[in-house]
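Per my numbering, the very first residue in the sequence shown carries number 33; after that it's consecutive. Presented below is the structure to which this report refers.
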Amino acid sequence: MFRSWKLLTVLMVTGFLAAGSARAVTVHQGVDVSGLTTPNSDAAFASWQSQVSSFTVDDMSGISCGGGPTVCTTTAGSTFTQGVGALQATNFNGGVVSGANLLLVEVTNPGSFTWTLATPADAFGFFAFDNDGGMLTVDFVDGTAQQYNLATAIGSSDSLFWGITGLGTNIASVTITTEDVPGYSTWDRFVLGATVPVPAALPLFLSGLAFFGFVARRRARAAAA
Numbered sequence: 033m034f035r036s037w038k039l040l041t042v043l044m045v046t047g048f049l050a051a052g053s054a055r056a057v058t059v060h061q062g063v064d065v066s067g068l069t070t071p072n073s074d075a076a077f078a079s080w081q082s083q084v085s086s087f088t089v090d091d092m093s094g095i096s097c098g099g100g101p102t103v104c105t106t107t108a109g110s111t112f113t114q115g116v117g118a119l120q121a122t123n124f125n126g127g128v129v130s131g132a133n134l135l136l137v138e139v140t141n142p143g144s145f146t147w148t149l150a151t152p153a154d155a156f157g158f159f160a161f162d163n164d165g166g167m168l169t170v171d172f173v174d175g176t177a178q179q180y181n182l183a184t185a186i187g188s189s190d191s192l193f194w195g196i197t198g199l200g201t202n203i204a205s206v207t208i209t210t211e212d213v214p215g216y217s218t219w220d221r222f223v224l225g226a227t228v229p230v231p232a233a234l235p236l237f238l239s240g241l242a243f244f245g246f247v248a249r250r251r252a253r254a255a256a257a
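This is the structure in structure tokens:
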């Protein structure tokens, strides 16, 4: 029995290593609606950070814009391209959203822009101010896409953090369609990173070890009796 148990353990370890890792998609969203306090958005950002191994802040500092429709290039090399409405770099600092230069989207119900990532990432997030709902579309490098709802409502006058981890494949671009009645929403502190992989077979491996340990103990007690 001991030899059989050892053999099964080796097979389970091999299966665990061969299974590699799995990633669970998680949306991290926090909306603040009470003055300039930021507990919900800060907590959502902290939750997002806890699930990435590393990340880059792709903010608007040093931004340059040009072309038509407007294309803004960040210092990290990503681009923000105007869709519907006006896209511009501005020193406007609304509420809790901080930065020397923010991305300002003039909404024409709706407004939109596309963020094209400069480096591979399977996790991203951002802060927004005065956003009254909208949708984002994630386009992946493999040609697939996913859509997510920005579940904020009219009157959400403070900061939003929205982020996602565990997408499983690298992101090519993110298109955000937003509303702000009657005018402007600001976007800053875009972050991109890599999700920490979670071993897919670990729970199965541990439960298998426990089971075979239990069987071995029962046989040992029976033999002693």
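Ideal placement from N, C-alpha and C gives every residue a C-beta, glycine not left out. Model, not experiment: these values are computed from the prediction.
What's the gap between the Cα of residue i and the Cα of residue j?
| i | j | result |
| --- | --- | --- |
| A154 | V65 | Here residue 154 turns out to be Asp, not Ala, going by the sequence shown. The straight-line gap from Cα to Cα measures roughly 29 Å. |
| V170 | G157 | 12 Å |
| W194 | T148 | 17 Å |
| D212 | G166 | 9 Å |
| L199 | P229 | 11 Å |
| I208 | V173 | 18 Å |
| T88 | V223 | 6 Å |
| L168 | T111 | 16 Å |
| A118 | Q81 | 31 Å |
So what's residue i in DSSP terms, helix, strand or just coil?
| i | result |
| --- | --- |
| Q81 | helix |
| N181 | strand |
| D91 | coil |
| D64 | coil |
| D73 | Asp is not the amino acid found at residue 73; the sequence shown has Ser there. Note: S73 maps to helix in three-state DSSP. |
| S110 | coil |
| T169 | strand |
| V103 | strand |
| L224 | strand |
| G115 | coil |
| L262 | No statement about residue 262 is possible, as the shown extent of the chain runs from 33 to 257 and does not include it. |
| A160 | strand |
| S191 | strand |
Which residue wins for smallest C-alpha separation from residue i, given the options the options?
| i | options | result |
| --- | --- | --- |
| G225 | T151, V170, M167 and N163 | T151 |
| T227 | Q83, V173, P142 and Q120 | Q83 |
| S79 | S110, Q61, T209 and T102 | Q61 |
| Y180 | F161, T69, N202 and T210 | T210 |
| F182 | Q81, F161, A56 and T176 | According to the sequence shown, residue 182 is Leu rather than Phe. Comparing Cα positions, the closest option is F161. |
One question on the structure: do residue i and residue j come within less than 7 Å of each other, judged by their Cβ atoms?
| i | j | result |
| --- | --- | --- |
| T106 | D90 | yes |
| V63 | N72 | yes |
| G98 | F145 | no |
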